[in-house]
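J.: This note's numbering applies: residue 34 is where the sequence shown begins, and numbers increase by one. Glycine included, each C-beta is placed from N, C-alpha and C at the ideal position.
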Amino acid sequence: MKGKINKMFSSSVPEITEELFFRYAEGSVSIIEKRSVEERLADDPFLSDALEGLMANRDFSKQRVILKEIRQKVQPRAGERMFKILPFWSIVQIASSMVLIIIMAWFIGYLIKKQNEKIFSEQFKPYSAPFEIVIPPSGNSSERPLSPVKDEKDVRLSPKASIQVQNAGSDIKALLDEALTFYKSGKYAQAIPLFESVLKADRANETAAFYCGISYLTTANADSALQKLVQIDSKVNSVFYEQTLWYEALAYNYKNEKVTSMEKLKKIIGLNGNFKLQAENLLNQLK
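And the structure:
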């Protein structure tokens, strides 16, 4: 090994220029040039590693650009003198390593994404639709009880206004009924715009918000699902509270926001309700 190192820095060993090195990688050298490079490769593990990294990527034009960028960054720090004695293939190794690091980072991200998708597919099941549609108290005036007043005539509506309020309430209920019918039959994509229409008319409708969120999750649209579910997750008295936390946990983990997902699971465990066991199992899996 010592002999190889001495030979690497010996003046008798032919110098391999950057231009020759790239031409060798591209296969555009003469027989004499090829022999010269291969003699150096046999005795120089650093040059050999640089060539291996370069050939693994094979995007030579991109490697040249990266090499140039590294030179521009290293030279001011190393100084002109030190930079001149730094073999260019060492810089090629750095450039190749950077490309490999980028590839590895992408691959690790890909594996994490696949793992999150696997967990989601194993754990996610659409919540059962209600047997009877019951619209919980909401922001719609037709569904909110009126406060008691002294004089009944103060709240008496004109016949036309009364019909309008009744029609608005009927329209919302009809839309919700239709949306839930699609939901029950597994036609979640068709249910979504109907749930959205209900929420447009009545933002505080928890039934529409919850089932709309679940419908979005069936299409793997975690962001849109969370926008709906977040309307409920602070309402501890909601009939959908615990279920909402569970589906939020799945959505956040799908988005690779593991910390937030685990926080939701811990909240579920603290409730000691129907979702406690599966929340504990998933939490242990994520740790």
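Look up PHE54 in the DSSP assignment and say whether it is helix, strand or coil.
T.: Mapped onto the sequence shown, residue 54 falls at position 21. PHE54: helix per DSSP, three-state reduction.
J.: Roughly how many whole angstroms lie between the Cα atoms of ILE145 and ARG68?
T.: In the sequence shown, the residue the question calls residue 145 occupies position 112. In the sequence shown, the residue the question calls residue 68 occupies position 35. When rounded, the distance between both Cα atoms is 45 Å.
J.: Residues in the same chain with beta-carbon distance under 8 Å from LYS300, minus the five sequence neighbours each way, listed in chain order, please.
T.: Counted from its first residue, the sequence shown places residue 300 at position 267. Result list for LYS300: LEU278, in chain order.
J.: Within the continuous alpha helix (DSSP H) that includes PRO226, where are the two ends?
T.: If you number the sequence shown from 1, residue 226 lands on position 193. First-last of the alpha helix (DSSP H) with PRO226: 221 to 234.
J.: How long is the line joining the alpha carbons of GLY60 and ALA75, rounded to whole angstroms?
T.: Along the sequence shown, read from residue 1 onward, the residue named residue 60 stands at position 27. Along the sequence shown, read from residue 1 onward, the residue named residue 75 stands at position 42. Roughly 18 Å separates the two Cα atoms.
J.: Buried or exposed: where does ASP235 fall if 16 or more other Cβ atoms within 10 Å of its Cβ makes it buried?
T.: Taking the sequence shown and counting its residues from 1, the one referred to as residue 235 is at position 202. Buried, since its Cβ has 16 or more Cβ neighbours within 10 Å.
J.: If GLU211 and LEU227 are in contact, beta carbons under 8 Å, what's the gap, nearest whole angstrom?
T.: The residue given as residue 211 occupies position 178 in the sequence shown. The residue given as residue 227 occupies position 194 in the sequence shown. That belief holds up - the Cβ atoms of GLU211 and LEU227 are roughly 5 Å apart, short of 8 Å.
J.: So does the region 265 to 281 actually touch the region 219 to 233, counting three or more Cβ pairs closer than 8 Å?
T.: Flag = no, the region 265 to 281 and the region 219 to 233 do not touch.
J.: Nearest-angstrom Cα distance between ALA282 and GLY219?
T.: Translated into the one-based positions of the sequence shown, residue 282 becomes position 249. Translated into the one-based positions of the sequence shown, residue 219 becomes position 186. Using only the alpha carbons, I get a separation of about 22 Å.
J.: With LYS288 and ALA255 assumed to form a contact (beta carbons below 8 Å), what rounded beta-carbon distance in angstroms separates them?
T.: Working through the sequence shown from its first residue, we reach residue 288 at position 255. Working through the sequence shown from its first residue, we reach residue 255 at position 222. Right, their Cβ atoms sit about 5 Å apart.
J.: Does LYS158 come out as helix, strand or coil in the three-state DSSP assignment?
T.: Here residue 158 corresponds to residue number 125 of the sequence shown, with the count starting at 1. DSSP places LYS158 in coil when its eight states are reduced to three.
J.: Put PHE153 into one of helix, strand or coil per three-state DSSP.
T.: Residue 153 sits at position 120 when you count from the first residue of the sequence shown. Here PHE153 sits in helix by DSSP.
J.: For SER257, collect the residues of the same chain with a Cβ closer than 7 Å to its Cβ; drop the 5 residues on either side in sequence, then sort them by chain order.
T.: As a position in the sequence shown, residue 257 is number 224, starting the count at 1. Excluding residues within five positions, the ones whose Cβ falls inside 7 Å are TYR249.
J.: Taking the alpha carbon of PRO163 as the reference point, which residue from ASP204, SER203, SER154 and TYR216 has its own alpha carbon closest?
T.: Reading the sequence shown from its first residue, position 130 is the one you call residue 163. PRO163 has its Cα closest to that of TYR216, out of ASP204, SER203, SER154 and TYR216.
J.: Would you report the Cα separation of VAL62 and GLU51, rounded to the nearest angstrom?
T.: For the purposes of this step, residue 62 is taken as residue 29 along the sequence shown, with counting starting at 1. For the purposes of this step, residue 51 is taken as residue 18 along the sequence shown, with counting starting at 1. Answer to the nearest angstrom: the Cα atoms are 13 Å apart.
J.: Classify PHE215 as helix, strand or coil using the three-state DSSP reduction.
T.: Numbered from its first residue, the sequence shown carries residue 215 at position 182. In the structure shown, PHE215 sits in a helix (DSSP, three-state: H, G or I).
J.: Taking the alpha helix (DSSP H) that THR251 belongs to, which residues open and close that run?
T.: Against the sequence shown, residue 251 aligns to sequence position 218. It spans 239 to 251 - the alpha helix (DSSP H) in which THR251 sits, taken as one unbroken run.
J.: Excluding five sequence neighbours on each side, which residues of the same chain lie with their C-beta closer than 8 Å to the C-beta of LEU316?
T.: On the sequence shown, residue 316 is found 283 positions in, with the first residue counted as 1. Cβ neighbours of LEU316 beyond the five flanking positions: MET295, LEU298, LYS299 and ILE302.
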